[in-house]
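In what follows, a structure is listed as structure tokens, so that the remarks can point back to it.
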Amino acid sequence: MKTSLFLFAAAAVITLSCIDSVKAQRGIPLPQARGYEANAVILKQGFDLNPDGSYTYNYETSNGIRADEAGYLKNPGTQVEAQVMQGSYSYTGPDGVLYTITYIADENGYRAEGAHIPTPPPPRASTGRFFK
């Protein structure tokens, strides 16, 4: 599990660096951070990988970005084995508001919640009739 997680992370870094190289070669300008964003530094960073494959990570930057996540393998070795990841992240938007998103990703998909994320209206009560 450690090896596969490491390989996945390494592949992600390589892929992202290749994309940036292609953009630069094609003359596409890369986004530039402005103001205090350009000088943001990592204040805190942690990653713990346990022998059973579960993990936790977190980080915090000087510009107010924070993230925490924990993951584990649910029902290992069975037909319904699933990776579960849950956590949250927050950042200050251009409007000065602190946005926080909490999420879970598991066998039921990715589900995120936040005060700024719209939610669908509740379903109507069934009357038992199809037409009025």
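Residue numbers (mature numbering (1 follows the signal peptide of the UniProt record, and there is no 0)): -24 to -1, 1 to 108. The beta-carbon is built from N, C-alpha and C at its ideal position, and this holds for glycine as well. Predicted, not measured: the structure shown is a model, and the values here were computed from it.
Identified DSSP bridge partners for Arg42: Per DSSP, Glu36 and Ser66.
Whole-number beta carbon distance between Glu45 and Met61, since they are thought to touch under 8 Å: Rounded, the Cβ-Cβ distance is 6 Å, consistent with contact.
Any contact of the region 50 to 59 with the region 68 to 84, i.e. 3+ C-beta pairs under 8 Å? Between the region 50 to 59 and the region 68 to 84, the count of Cβ pairs shorter than 8 Å is three or higher; the stretches touch.
Determine, using beta carbons only, whether Tyr65 and Leu74 come nearer to each other than 9 Å. By the CB criterion at 9 Å, Tyr65 and Leu74 fall outside the cutoff.
Determine the extent of the beta strand (DSSP E) in which Arg100 is found, giving its start and end residues. Careful: Arg100 lies outside any beta strand (DSSP E) and carries neither H nor E.
Where does Glu57 sit, in a helix, a strand or coil, going by DSSP? Coil.
Extent of the continuous beta strand (DSSP E) run through Asp28: Segment: none, Asp28 is in no beta strand (DSSP E) and carries neither H nor E.
Give every residue of the same chain whose Cβ lies closer than 8 Å to the Cβ of Ile77, excluding the five residues on either side of it in the sequence, and list them in chain order. In chain order, Ser64, Tyr65, Ser66, Ala88, Glu89, Gly90 and Ile93 place their CB closer than 8 Å to the CB of Ile77, counting only its own chain and leaving out the 5 sequence neighbours on each side.
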